[in-house]
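Engineer:
Protein chains: 2
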Amino acid sequence: MLKLTKKADYGLIALRHLATAPNATASTREIADAYHLPVTLLAKVMQQLAKARIVQSLSGTNGGYRLARAASRITALEVVRAIDGPVILTHCFTDHGTCDQSDSCTVREPLRRVHEAILTLLENFTITDLVEPVPQKLTPISLPMNPMRQLPYPELLHESIGT
Amino acid sequence: MLKLTKKADYGLIALRHLATAPNATASTREIADAYHLPVTLLAKVMQQLAKARIVQSLSGTNGGYRLARAASRITALEVVRAIDGPVILTHCFTDHGTCDQSDSCTVREPLRRVHEAILTLLENFTITDLVEPVPQKLTPISLPMNPMRQLPYPELLHESIGT
DNA sequence: ATGAAGTAGGACAAAATTAGTCCGAGATCA
DNA sequence: TGATCTCGGACTAATTTTGTCCTACTTCAT
Chain A
3 MLKLTKKADY
13 GLIALRHLAT
23 APNATASTRE
33 IADAYHLPVT
43 LLAKVMQQLA
53 KARIVQSLSG
63 TNGGYRLARA
73 ASRITALEVV
83 RAIDGPVILT
93 HCFTDHGTCD
103 QSDSCTVREP
113 LRRVHEAILT
123 LLENFTITDL
133 VEPVPQKLTP
143 ISLPMNPMRQ
153 LPYPELLHES
163 IGT
Chain B
3 MLKLTKKADY
13 GLIALRHLAT
23 APNATASTRE
33 IADAYHLPVT
43 LLAKVMQQLA
53 KARIVQSLSG
63 TNGGYRLARA
73 ASRITALEVV
83 RAIDGPVILT
93 HCFTDHGTCD
103 QSDSCTVREP
113 LRRVHEAILT
123 LLENFTITDL
133 VEPVPQKLTP
143 ISLPMNPMRQ
153 LPYPELLHES
163 IGT
């Protein structure tokens with residue numbers, strides 16, 4: 003489905019919260035309450051972020067978490083990786099042995115390019131970009147472009163689903 | 003995990019196959035055999051592609067599927083949508099009512115930008131790009147860029163997992 | 001016209017992933 | 001010393017993905 007998991011969502015929300023928190027610090031419960039997230043699950047997410055050194059934990063009373071570095075230095079890619087594990091577009095990438103014949107998997111290389119592009123995209127997106135809702139214009143992506151490519155057929159436009 | 007499903011993989015492989023097939027036509031079994039895919043599952047995928055008018059079915063003996071239009075006019079985004087349904091980055095997009103306070107979901111808008119960028123990426127990638135494995139240089143993505151952003155901390159680089 | 005080879009499509013089972021809970025342990029502060 | 005917090009593993013439940021099975025219908029060739 004090519005979607006972020008809820009945990010990754012929660013993580014991003016929490017990081018944004020920390021980035022704008024008054025003392026730059028907040029407890030798990032505080033964040034969970036603010037956005038109506040399941041406390042225990044968010045706690046797990048925070049732990050993973052701490053383990054990845056994205057966030058720093060402060061134990062004891064009045065403890066909580068704080069960003070381990072500047073928000074501008076925390077990329078969405080890092081966060082997603084820390085929480086959901088390696089980002090994988092196609093399945094072939096990791097388990098090479100599965101593809102019986104390297105000859106068969108003809109789509110692998112081209113798809114890898116798309117993959118890289120998405121990674122780059124996420125890497126260029128930081129927590130700072132989450133905190134400033136500047137409606138910035140989205141410049142078109144450069145990818146191997148096909149000169150013959152045109153707009154999709156009209157009849158397909160009206161049944162295009164989802165966002 | 004931000005990954006394509008196997009079905010989407012299969013669909014792309016099949017479309018690539020059709021794009022290069024001698025008669026521009028191939029049966030489900032033929033394709034499944036060529037890449038060692040589960041026949042019945044691929045059949046389902048082909049049906050979905052047919053319903054989305056990406057592929058045209060030819061019933062009867064010597065039947066099979068053919069591309070409904072030029073490979074250069076079939077985008078990866080269409081394919082993924084046809085097979086996996088709407089592409090969703092965050093969960094808030096579809097069920098607006100869930101987010102109790104629109105005030106809470108502060109990350110929605112910025113994430114939507116990332117979302118759009120990924121969609122654009124997939125939209126600019128056609129079946130033709132799958133068939134020509136030209137190792138084209140991947141130009142960096144443009145996104146709302148933070149001028150303060152720098153490379154991730156060195157200590158994080160060595161534990162960066164996955165691709 | 002009859003059988004072989006196709007697609008169409010729904011119901012269903014199995015497997016994997018994600019989401020969420022629970023509990024015990026350790027740290028810090030008042 | 002107790003309240004409040006994090007840490008981390010084990011565990012269950014829900015959802016999604018993957019894959020199979022079966023029946024119906026269509027086309028072609030003999």
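First to last, the sequence lines map onto chains A and B. According to this note's numbering, the first sequence is numbered sequentially starting from 3. According to this note's numbering, the second sequence is numbered sequentially starting from 3. Positions of the beta carbon are idealized from the N, C-alpha and C atoms, including for glycine. Small disclaimer: the values here were computed from a predicted structure and weren't measured.
When the Cα atoms are used, what is the spatial distance from B/Ile15 to B/Lys53?
Structural biologist: Rounded to the nearest angstrom, the two C-alpha atoms are 18 angstroms apart.
Engineer: Measuring only the C-alpha atoms, how far is A/Val57 from A/Ala10?
Structural biologist: Cα to Cα, the separation comes out at about 14 angstroms.
Engineer: Below 7 angstroms on C-beta distance, what does B/Ile120 contact in chain A?
Structural biologist: Near B/Ile120 (Cβ distances below 7 angstroms), the residues of chain A are Ile120 and Leu123.
Engineer: Determine the contact status of B/Thr92 and A/Leu6, defining contact as a CB-CB distance below 8 angstroms.
Structural biologist: Contact flag set, yes.
Engineer: For B/Leu51 and A/Ala78, I'd like the C-alpha separation in whole angstroms.
Structural biologist: Roughly 32 angstroms separates the two Cα atoms.
Engineer: Which same chain residues end up closer than 7 angstroms to A/Phe127 when comparing Cβ atoms and leaving out the 5 residues on each side of it in sequence?
Structural biologist: So the list reads Thr77 and Ala78, once near-sequence residues are dropped.
Engineer: Determine, using beta carbons only, whether A/Leu132 and A/Leu69 come nearer to each other than 8 angstroms.
Structural biologist: Contact: no.
Engineer: Kindly say whether A/Lys5, judged by its beta-carbon, lies nearer than 8 angstroms to any beta-carbon of chain B.
Structural biologist: Yes - at least one Cβ of chain B is within 8 angstroms of the one on A/Lys5.
Engineer: Put A/Thr63 into one of helix, strand or coil per three-state DSSP.
Structural biologist: Coil at A/Thr63, not helix or strand.
Engineer: Alpha carbon to alpha carbon, what distance is there between B/Leu124 and A/Asn64?
Structural biologist: If I take the Cα positions, the gap works out to 46 angstroms.
Engineer: Are the C-beta of A/Leu132 and some C-beta of chain B separated by less than 8 angstroms?
Structural biologist: So yes, A/Leu132 belongs to the interface.
Engineer: DSSP three-state label for B/Glu69, please.
Structural biologist: The sequence as given places Leu at residue 69 of chain B; Glu does not occur at that position. In the structure shown, B/Leu69 sits in a strand (DSSP, three-state: E or B).
Engineer: If the cut is a Cβ gap below 8 angstroms, which residues of chain B does A/Leu69 touch?
Structural biologist: Neighbours of A/Leu69 on chain B: none; closest Cβ ~12 angstroms, over 8 angstroms.
Engineer: Give a yes or no on whether the C-beta atoms belonging to A/Val2 and B/Leu4 are separated by under 8 angstroms.
Structural biologist: No answer is possible for residue 2 of chain A: it lies beyond the span of chain A, which begins at 3 and ends at 165.
Engineer: By the 10 Å Cβ neighbour count, where 16 or more other Cβ atoms means buried, how is A/Glu80 classified, buried or exposed?
Structural biologist: Label assigned to A/Glu80: buried.
Engineer: Which residues in chain A have a C-beta closer than 7 angstroms to the C-beta of B/Val47? List them in chain order.
Structural biologist: Simply none; closest approach about 14 angstroms.
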